[in-house]
Amino acid sequence: MMVTAVDRCHIITRSGHLVDLFHMQPEDIRLEDVAHSLAMKCRFNGHSPEFYSVAQHSVIVSMNSKFPQAALLHDAAEAYLTDMVRPLKRHFPELIEMETRMLQVIAERFDVPYEEIMSEEVREWDDRVLVAEYEDFFGARPPGMEQVERLGVDSIIPLPPKTAKALFLTKADFLGLS
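Heads up, the sequence shown is in this note's numbering, so the first residue is 5 and it goes up one at a time.
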């Protein structure tokens with residue numbers, strides 16, 4: 005099958021790399037681009053009281069999971085797609101499918117089992133961190149998550165994007181991701 009310009013959907017990353025979102029390959033994924041993009045994306049669709057990045061969220065999930073590499077990368081597809089809030093995302097099956105394919109490419113690029121990224125264990129820590137974030141930033145529990153145990157921290161202190169990016173890269177280096 006011949007790929008035409010119409011079939012292509014390109015973005016340019018922070019490093020200047022042109023990637024086709026519909027035809028991503030492991031060599032298209034660059035850790036620096038992932039860290040930068042996630043550090044520039046604000047959780048809660050920008051509605052948190054102050055800027056709080058997806059990169060910082062990912063590091064916190066990684067610090068608690070028994071699959072730290074997978075947990076650090078669990079939202080990495082958002083570096084190339086978008087960070088859509090959970091209640092809305094479930095109404096876009098094509099986006100979920102595209103995110104799944106992208107996470108598979110990311111898993112291959114960093115030699116991390118895709119099954120670990122999608123594991124119940126990583127999802128549990130993602131939910132526990134979400135509960136802590138929600139309580140700290142909004143003073144309430146997320147709807148429908150009354151039974152989820154909060155992450156055991158006093159409070160989450162948001163970091164500026166440059167600091168969150170450096171933290172993400174430091175954690176990735178510590179975990180042997182490159």
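In this text, a Cβ means the ideal position worked out from N, Cα and C, and glycines have one as well.
Check	Outcome
When the Cα of Asp-24 is compared with those of His-14, Pro-164 and Pro-165, which residue comes out closest?	His-14
Three Cβ pairs or more, each shorter than 8 Å: is that satisfied between the segment 48-59 and the segment 102-117?	no
Per DSSP, what are the beta-bridge partners of Ile-16 in this structure?	Leu-22
Would you mind giving the Cβ-Cβ distance between Glu-103 and Leu-77, rounded to the nearest angstrom? I have them listed as a contact below 8 Å.	That pair is no contact at about 12 Å.
Ile-33: which of Lys-166, Asp-130 and Ala-83 sits nearest, CA to CA?	Ala-83
So, is Glu-137 buried or exposed, given that buried needs 16 or more other C-beta atoms within 10 angstroms?	buried
So Ala-75 packs on Ser-66, CB below 8 Å; how close in whole Å?	4 Å
Looking at C-alpha atoms only, which residue of Phe-26, Thr-17 and Arg-47 is the closest neighbour of Arg-105?	Phe-26
My output table needs one value for Ser-52: the three-state DSSP class, helix, strand or coil.	coil
Please determine, among Glu-150, Glu-139, Phe-142 and Ser-123, the residue with the shortest C-alpha to C-alpha distance to Ser-69.	Ser-123
Could you spell out the range, first to last residue, of the alpha helix (DSSP H) harbouring Thr-104?	97-114
Name, in chain order, the residues that DSSP records as bridge partners for Ser-41.	Partner(s): none; Ser-41 has no beta bridge.
Would you identify the three-state DSSP class for Ser-66, choosing helix, strand or coil?	helix
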